[in-house]
Every structure is written in C-alpha cells, then in structure tokens.
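Chains as they are written, first to last, in the working numbering: chain A, 24 to 448; chain B, 631 to 864. Notes follow once the structure below has been shown.
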C-alpha cells in the first residue's frame with residue numbers, strides 16, 4: 024500500500040508512544056467524565072420522577088419544607104422529625120371527601136439492619152403503585168396477613184439476607200445504636216420484586232405493629248412512674264395519641280381538583296402538603312444550578328486536556344523540524360504540513376474521544392449499579408440518549424483537538440527548511 | 631559560468647542569479663549564466679562559505695534569490711506559486727544530503743515511498759517502483775524493511791539515492807554526499823550516485839569541497855568566495 028498523510032500521522036504518533044498514550048488517556052478521562060455527567064443527569068431526573076408513584080401529593084406534619092417532606096416520605100432520605108396525630112388524619116382525610124380517591128397513612132422512623140421501615144395500612148400494596156401503571160408484585164410470599172408480618176423490598180431483602188419465614192426484629196430509629204424491639208419479633212411474609220424506586224430499600228411493616236411496639240414502650244414507662252399495672256397494647260386498645268403517623272400518600276379522583284385540595288391543605292398549619300412531581304422538579308431546579316457548575320468543571324477538564332494536546336504537539340515540533348524540512352524537500356507544501364499536524368491533533372482527539380466513550384459507558388454502568396444497589400434508583404441512561412451525547416461530546420472533542428493543533432501546526436508551517444537541512448553535528 | 635550547449639530543454643538553466651543575505655553588503659552569489667543539459671553531470675566546488683549549499687537550495691526553490699531566474703526542466707521555479715513550486719520540486723528535483731536525512735520510524739522502503747507520495751506516479755505503482763529502485767541499488771528485502779538506524783552508512787546512502795530518484799526527476803542536487811564517508815567508500819558512493827542518475831536519465835549537480843572529486847566529472851564549476859571577482863567560470 025502506498026504511503027499517505029495518515030501513514031505519516033500514525034508513525035509520528037507511534038514515535039512518541041508514551042506521550043501519545045498519556046495525552047489520549049487524559050482526553051479520554053475528560054470525555055468520560057463529561058459523558059457520565061450528561062448522560063446521568065437526564066437519567067437521574069427520570070429516575071426521581073419515576074419514583075413518585077401514582078400519588079398526587081404527600082402530606083406531612085406542618086411547619087416543615089414540602090421538599091423535605093417528599094424526600095423523607097417518598098425517598099427515605101432520613102427519618103421524619105415530626106408526627107401527625109391519628110385524629111388529624113381521621114378528621115381531615117377519613118371524612119368521605121369525594122374529591123379524594125385514597126389517602127394512605129404511613130409511618131417511618133425505624134429500621135432493620137440499616138434498611139428503613141415503612142409502616143403501612145391494609146390495602147397499601149394493592150392501592151399504591153410505586154411507578155405509575157406498575158403496582159407492587161410479590162416475588163415470594165404474599166400481602167401481610169398478621170399484625171407482625173413484614174414485607175421486604177427487593178434491595179432490603181438482598182441487603183439483609185432475610186427471606187420469607189425468617190424472624191426479624193425492628194430497631195428503633197435509623198441509626199446503628201437504636202434499641203432493638205426483640206420483644207416483638209416480626210415474620211417475613213413476602214419479598215417484593217424490584218420496582219426500580221427507593222421503595223426497594225424499604226422494610227414494610229403494619230401500622231398496627233409499629234403503634235403496638237411504641238405503645239408498649241411508652242406504657243411501660245408510664246407504669247414504672249405511676250406504679251399502675253401496664254395494660255398490654257393491642258390493635259383494639261390503642262389510643263389516638265399512640266397512633267402516630269409521619270405522612271399521608273394522597274391521590275385525588277380527578278386531576279382538576281388536585282390544586283384545590285392542595286390549596287386547602289396549605290391553609291392548614293397542621294399539615295405540610297407537597298405536590299410530589301412539582302417538588303421533584305423544584306429539586307432539579309435547585310440541583311440544576313450545581314449541575315451546570317459540575318458540567319462546566321467537566322468542560323474545563325476537557326479544555327485542559329485540549330491544552331495537553333497542544334503542549335504535547337508543540338513540544339514535539341522541536342524534535343520534528345528536520346522531518347518537516349525533509350517532507351518539504353520531498354514536495355510537501357506548507358499547507359500540507361499544517362494539515363498533517365492538525366490531523367495528528369484530530370487523531371489524538373478522536374482516539375481520546377473513543378477511549379472516553381468506552382470509559383464513559385463503563386462508568387455509567389458502574390454508577391447505575393451503585394445507585395440501584397444502594398438507593399434503589401434505576402438510573403440507566405437511554406442508549407439513544409447516551410449515543411447522542413457521545414456523538415456531541417466526540418464532535419466537541421474533535422473541534423477542541425483541532426483548535427489545540429493550530430499553534431503547533433502553525434509552528435510546523437513556519438519551519439525554516441534550509442536551516443533544518445544542515446548536516447547533523 | 632560557461633554555457634553548455636543544450637540540444638534539448640536544459641535540466642537546469644540559471645540566468646543572472648544573485649543572492650545576498652539580508653543586511654549583507656555584497657552578494658554571496660552572482661552567477662550570470664549556467665546551464666546543465668539533460669542527464670549531464672557537473673561538480674560544483676569551492677571552500678566553505680562560498681554559497682554552494684545556498685545555491686542548491688535556491689535551485690530547489692527552498693530559498694528565494696535576490697534576483698535572476700532558475701529554470702528546472704524549462705520551468706522557472708521561482709515564478710511559481712509556493713504550492714505549485716513544492717509540487718514541482720517533489721516531482722522534478724531530487725536531493726541527496728550529506729547526512730541523508732532519512733526519516734526515523736519509517737522503513738527504508740517507506741522512506742522511498744514517502745517521496746513517491748508527492749509524485750504523479752499512480753499510487754498502486756509506488757511500492758513496486760520503490761522496491762525496484764532499492765533492489766537496483768543493491769538492497770535486499772531485509773534491508774528494505776529495516777529502519778534507517780538499523781542500516782549501515784552505505785545502505786543508508788543507497789536509500790537516500792533511491793529516494794532522490796524515486797520520482798524520476800529531471801535534476802538531482804547532491805549536497806556533499808560523501809562528506810561523511812571515508813576515502814575508500816567515497817568512490818563507491820559516487821559511483822553509485824552517478825550511475826543511478828545516468829540510469830534514470832537525471833542531470834546531477836553535485837556540491838563538494840573535496841578536490842579529489844573533480845576527476846569523476848567531465849565538468850567542474852568552481853565557486854569562489856569573492857562573488858564580484860569570481861563571476862562565473864568553469
């Protein structure tokens with residue numbers, strides 16, 4: 024095969040293999056970083072939006088931020104700090120308001136081996152859909168039948184190693200030092216299939232059970248103080264004060280009344296109502312600013328890798344003056360020498376972008392796996408979206424590489440032929 | 631310098647050539663007229679600093695003269711646009727250097743094929759042409775695929791000669807081609823260069839400061855240090 028410009032470019036890059044590899048790697052890392060951020064950004068947003076389920080709003084105790092309420096009640100971000108009384112729930116949501124399709128009381132705050140509990144009432148699994156159109160499905164077992172039955176989310180089951188039939192004890196609070204309610208053991212009734220939402224991390228228990236456990240503690244304390252005999256708590260003798268909840272998942276019958284119900288709840292200082300989708304959009308509005316800064320930093324890293332190309336090529340020009348002079352003697356014009364160096368820069372950019380796309384793809388898979396494993400979030404970029412970003416970032420990298428090649432190419436262009444053809448010393 | 635009487639378009643025709651470095655008081659070169667017939671071979675002699683290499687580079691179109699014309703194969707090389715001049719040089723002028731200037735990272739065969747990149751020879755013929763030239767100059771397959779630093783000085787010179795002749799030039803300019811060789815090898819190297827140029831029907835203008843070289847050429851052109859006094863002559 025005849026020699027061509029690309030042969031010269033490839034030999035030139037091969038002659039400086041270490042420098043070429045380091046430069047390509049630096050471009051690759053920058054491209055991978057950029058791709059990861061861009062691809063994961065959209066995927067993360069979709070994952071959060073997916074996890075809001077089929078509720079319209081979540082209602083928590085008054086006096087807190089709606090966003091905090093959503094993050095606590097839907098994404099298990101931390102144990103809720105405030106409670107709603109059962110009376111407040113009953114008086115507001117169990118009144119037969121025809122606008123409300125369902126209002127599911129939930130209580131959070133305890134844990135099992137680091138996995139957060141979610142105490143729910145009857146019908147929760149058949150009513151609430153963690154993803155719209157995708158109800159909970161039982162991988163093993165079935166809905167809780169007894170008060171102390173527990174249902175494990177897919178990640179919770181995997182993380183704790185518990186399975187149907189096992190006995191488990193809930194820990195008070197979510198920290199590692201919480202008191203273990205060994206006196207009230209639960210039995211695993213079911214394990215759920217993965218939903219790709221934060222609910223996969225949850226340990227679902229019944230509201231009655233958590234009320235009984237905590238009433239047992241408080242009644243024992245009271246008995247110790249007063250000397251009166253403790254009345255064993257049961258589902259039937261629980262008081263409203265003992266029936267605490269931390270939130271209400273609420274769905275309206277008609278989308279048109281959501282705003283009306285929301286406005287009414289906002290007027291009530293005892294509640295904090297949050298439109299879940301809206302709060303998540305607000306969250307992304309806040310995160311978006313940081314997100315833009317992070318993307319800008321990634322872009323700066325990409326530009327610095329372009330400067331790396333410039334330096335690598337510029338420094339090589341000193342060693343290649345004679346080669347350039349010889350090529351000129353053989354018939355290469357100055358523009359052709361310019362284009363050779365520019366091509367070299369573009370090839371480095373292309374190789375770096377290629378390496379970056381591969382690294383980025385691997386990185387996205389790794390991050391997705393970690394998010395699924397640790398947070399139950401399905402953050403998997405759409406292949407078409409990843410491919411689109413890969414093309415855009417590759418194009419940008421090529422442009423950057425070509426820009427970086429201009430100064431070395433200009434230096435090569437201006438190489439004095441006669442001076443560089445003098446005999447070697 | 632005396633004129634040879636060309637029967638065809640001269641391989642090289644220099645008229646009224648002057649060259650002066652910027653800021654210098656006198657011309658370094660002042661050559662009223664000089665011609666080289668097709669396939670003719672001439673030796674340009676003179677001490678260091680008289681402008682022998684500069685003259686070759688002016689002829690090759692690498693340096694602009696202060697005045698005058700240089701025509702290679704009938705084409706005024708300095709009247710051409712830079713790009714056209716580079717193309718013309720690649721196709722019609724071959725150059726051989728004292729230290730050969732073979733490119734590292736390319737095999738001997740590829741060094742010759744690099745020159746063919748800029749020729750008008752069809753690309754599919756490049757490899758065969760380079761291989762045939764190197765074989766004619768005595769290089770085997772193993773040497774052809776070796777890089778320059780793996781070759782002996784003599785082998786490197788053969789590669790340099792093959793590269794200079796690859797595009798079937800009208801004119802070969804050899805700048806002190808034997809200066810780095812010992813006397814025993816000088817004769818062999820010059821035999822090689824002169825024979826190869828004859829075989830390829832290329833004119834040869836060889837520059838050397840070695841007086842012993844004069845015996846190898848029927849035409850010797852001395853270039854003197856004092857350009858005003860020297861004028862031209864051979």
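All C-beta atoms in this analysis are idealised placements derived from N, C-alpha and C, irrespective of residue type, glycine included.
**Asked** Which residue comes first and which comes last in the beta strand (DSSP E) that contains residue 801 (chain B)?
**Response** For this step, residue 801 (chain B) is matched to residue 171 along the second chain. Unbroken beta strand (DSSP E) run through residue 801 (chain B): 801-805.
**Asked** Near residue 85 (chain A), what residues of its chain come up, given a Cβ to Cβ distance below 6 Å and the 5 sequence neighbours on each side ignored?
**Response** Walking along the first chain from the start, residue 85 (chain A) turns up at place 62. Contacts found: 292, 293, 294 and 295.
**Request:** Apply the 10 Å Cβ neighbour rule to residue 155 (chain A) and answer buried if 16 or more other Cβ atoms are within range, or exposed otherwise.
**Result:** Residue 155 (chain A) sits at position 132 when you count from the first residue of the first chain. Within 10 angstroms of the beta-carbon of residue 155 (chain A) lie fewer than 16 other beta-carbons, which makes it exposed.
**Prompt:** Is it true that the region 323-342 of chain A meets the region 45-52 of chain A, where meeting means three or more beta-carbon pairs spaced less than 8 Å apart?
**Reply:** yes
**Message:** Per DSSP, what are the beta-bridge partners of residue 203 (chain A) in this structure?
**Reply:** Counted from its first residue, the first chain places residue 203 (chain A) at position 180. According to DSSP, which records beta bridges pairwise, residue 203 (chain A) is partnered with A:194.
**Prompt:** At a cut of 8 Å, does the region 380-395 of chain A reach the region 774-791 of chain B through at least three beta carbon pairs?
**Reply:** no
**Residues, ordered as in the chain, of the region 636-666 of chain B that lie near chain A by beta-carbon distance below 7 Å** = none
**Asked** Excluding the five sequence neighbours on either side, which residues of its own chain have a C-beta within less than 7 Å of the C-beta of residue 737 (chain B), listed in chain order?
**Response** Counted from its first residue, the second chain places residue 737 (chain B) at position 107. Excluding positions up to five away in sequence, the list reads 774, 775, 776 and 777.
**Prompt:** Once you ignore the five residues that flank residue 176 (chain A) on each side, which residues in its own chain have a CB closer than 6 Å to its CB?
**Reply:** Within the first chain, the letter at position 153 stands for residue 176 (chain A). The residues are 215, 222, 223, 224 and 225.
**Asked** With a CB to CB cut of under 8 Å and the five nearest residues on each side skipped, what residues in its chain are close to residue 438 (chain A)?
**Response** By one-based count along the first chain, residue 438 (chain A) stands at place 415. Result list for residue 438 (chain A): 340, 344, 347, 348, 351 and 360, in chain order.
**Request:** Go ahead and label residue 725 (chain B) buried or exposed: buried means 16 or more other beta carbons lie within 10 angstroms of its beta carbon, across all protein chains shown.
**Result:** Counting from 1 along the second chain, the entry for residue 725 (chain B) is found at position 95. Buried, because 16 or more other Cβ atoms sit within 10 Å of the Cβ of residue 725 (chain B).
**Residues bridged to residue 714 (chain B) [DSSP beta-bridge criterion]** = Walking along the second chain from the start, residue 714 (chain B) turns up at place 84. Partner(s): none; residue 714 (chain B) has no beta bridge.
**Asked** Three or more C-beta pairs closer than 8 Å, one from the region 179-191 of chain A and one from the region 126-146 of chain A: is that the case here?
**Response** yes
**Prompt:** In the DSSP assignment, what residue or residues form a beta bridge with residue 125 (chain A)?
**Reply:** Here residue 125 (chain A) is taken as the residue at index 102 of the first chain, counted from 1. Looking at the DSSP assignment, residue 125 (chain A) forms a beta bridge with A:274.
**Prompt:** In chain order, what residues of the same chain lie with their CB nearer than 7 Å to the CB of residue 743 (chain B), ignoring the 5 residues before and after it?
**Reply:** Locating residue 743 (chain B) in the second chain gives position 113, counting from the first residue. Once the five neighbours on either side are set aside, the close Cβ partners of residue 743 (chain B) are 756, 757 and 760.
**Asked** Is there a Cβ from chain B that is less than 9 Å from the Cβ of residue 338 (chain A)?
**Response** Here the question's residue 338 (chain A) lines up with position 315 in the first chain. Answer no: the Cβ-Cβ gap between residue 338 (chain A) and chain B never drops below 9 Å.
**Request:** Going by CA-CA distance only, name the one from A:239, A:217, A:242 and A:172 that's closest to residue 208 (chain A).
**Result:** Locating residue 208 (chain A) in the first chain gives position 185, counting from the first residue. The shortest Cα separation from residue 208 (chain A) among A:239, A:217, A:242 and A:172 belongs to A:172.
**Prompt:** Which whole-angstrom value describes the C-beta separation of residue 695 (chain B) and residue 664 (chain B), a residue pair presumed to lie in contact below a C-beta threshold of 8 Å?
**Reply:** Working through the second chain from its first residue, we reach residue 695 (chain B) at position 65. Working through the second chain from its first residue, we reach residue 664 (chain B) at position 34. Actually they are not in contact, since the Cβ atoms of residue 695 (chain B) and residue 664 (chain B) sit about 13 Å apart, beyond 8 Å.
**Request:** Keeping to the same chain, check which residues put their C-beta closer than 6 Å to that of residue 831 (chain B); ignore five residues upstream and five downstream.
**Result:** Position 201 of the second chain, counted from the start, is the residue given in the question as residue 831 (chain B). So the list reads 669, once near-sequence residues are dropped.
**Item:** Cα-Cα separation, residue 800 (chain B) to residue 672 (chain B)
**Value:** The residue given as residue 800 (chain B) occupies position 170 in the second chain. The residue given as residue 672 (chain B) occupies position 42 in the second chain. Those two C-alpha atoms are separated by around 14 Å.
**Item:** Proximity winner among A:380, A:72, A:31 and A:277, relative to residue 406 (chain A) (alpha-carbon distances)
**Value:** Along the first chain, one-based indexing puts residue 406 (chain A) at 383. Per the Cα distances, A:380.
**Request:** Flag residue 40 (chain A) as yes when its Cβ comes closer than 8 Å to any non-hydrogen atom of the ligand GTP, and as no otherwise.
**Result:** This structure lacks the ligand GTP, and indeed carries no ligand of any kind.
**Message:** Counting only beta-carbon separations shorter than 9 Å, does residue 748 (chain B) have a partner in chain A?
**Reply:** On the second chain, residue 748 (chain B) is found 118 positions in, with the first residue counted as 1. True, the Cβ-Cβ gap to chain A drops below 9 Å.
**Own chain, CB closer than 6 Å to residue 328 (chain A), minus 5 neighbours either side, in chain order** = As a working mapping, residue 328 (chain A) is identified with position 305 in the first chain. Excluding positions up to five away in sequence, the list reads 49, 50 and 53.
**Request:** Under 8 Å by Cβ, that's how I've got residue 850 (chain B) and residue 804 (chain B) pegged, so tell me the actual separation to the nearest angstrom.
**Result:** Within the second chain, residue 850 (chain B) is the residue found at index 220, counting from 1. Within the second chain, residue 804 (chain B) is the residue found at index 174, counting from 1. Actually they do not touch by this definition, with Cβ atoms about 14 Å apart.
**Message:** Considering just the uninterrupted stretch of the alpha helix (DSSP H) at residue 183 (chain A), what are its terminal residues?
**Reply:** In the first chain, counting from the first residue as 1, residue 183 (chain A) sits at position 160. Taken as a continuous stretch (DSSP letters only), the alpha helix (DSSP H) holding residue 183 (chain A) covers 177-183.
**Item:** Length of the line joining the Cα atoms of residue 640 (chain B) and residue 821 (chain B)
**Value:** Sequence index remark: in the second chain, residue 640 (chain B) carries index 10 (1-based). Sequence index remark: in the second chain, residue 821 (chain B) carries index 191 (1-based). The straight-line gap from Cα to Cα measures roughly 23 Å.
**Message:** Below 9 Å on C-beta distance, what does residue 736 (chain B) contact in chain C?
**Reply:** In summary, chain C is missing from the structure at hand, where the protein chains are A and B.
**Prompt:** Helix, strand or coil: how does DSSP classify residue 43 (chain A) here?
**Reply:** Numbered from 1 along the first chain, position 20 holds the residue referred to as residue 43 (chain A). Reduced to three states, the DSSP call for residue 43 (chain A) is helix.
**Prompt:** Taking a cut of 7 Å between CB atoms, which residues from the region 699-724 of chain B lie near chain A?
**Reply:** The region 699-724 of chain B vs chain A, Cβ under 7 Å: 712, 713, 716, 717, 719, 720 and 721.
**Request:** Output the boundary residues of the alpha helix (DSSP H) element that contains residue 820 (chain B).
**Result:** The residue given as residue 820 (chain B) occupies position 190 in the second chain. It spans 813-829 - the alpha helix (DSSP H) in which residue 820 (chain B) sits, taken as one unbroken run.
**Asked** Mapping DSSP to helix, strand and coil, what is residue 37 (chain A)?
**Response** Here residue 37 (chain A) refers to the residue found at position 14 when the first chain is read from its first residue. In this structure, residue 37 (chain A) counts as helix in the three-state DSSP scheme.
**Asked** Are any of the Cβ atoms in chain A nearer than 9 Å to that of residue 684 (chain B)?
**Response** For the purposes of this step, residue 684 (chain B) is identified with residue 54 of the second chain, where counting begins at 1. Yes, residue 684 (chain B) counts as interfacial toward chain A.
**Message:** For residue 195 (chain A) and residue 166 (chain A), what's the separation of their Cα atoms in angstroms?
**Reply:** Sequence index remark: in the first chain, residue 195 (chain A) carries index 172 (1-based). Sequence index remark: in the first chain, residue 166 (chain A) carries index 143 (1-based). If I take the Cα positions, the gap works out to 24 Å.
**Asked** Does the beta-carbon distance from residue 336 (chain A) to residue 432 (chain A) come in below 9 Å?
**Response** For the purposes of this step, residue 336 (chain A) is taken as the residue at position 313 of the first chain. For the purposes of this step, residue 432 (chain A) is taken as the residue at position 409 of the first chain. Closer than 9 Å, so yes.
**Message:** Determine, for residue 786 (chain B), whether the minimum Cβ-Cβ distance to residues of chain A falls below 9 Å.
**Reply:** For the purposes of this step, residue 786 (chain B) is identified with residue 156 of the second chain, where counting begins at 1. Residue 786 (chain B) does not count as touching chain A.
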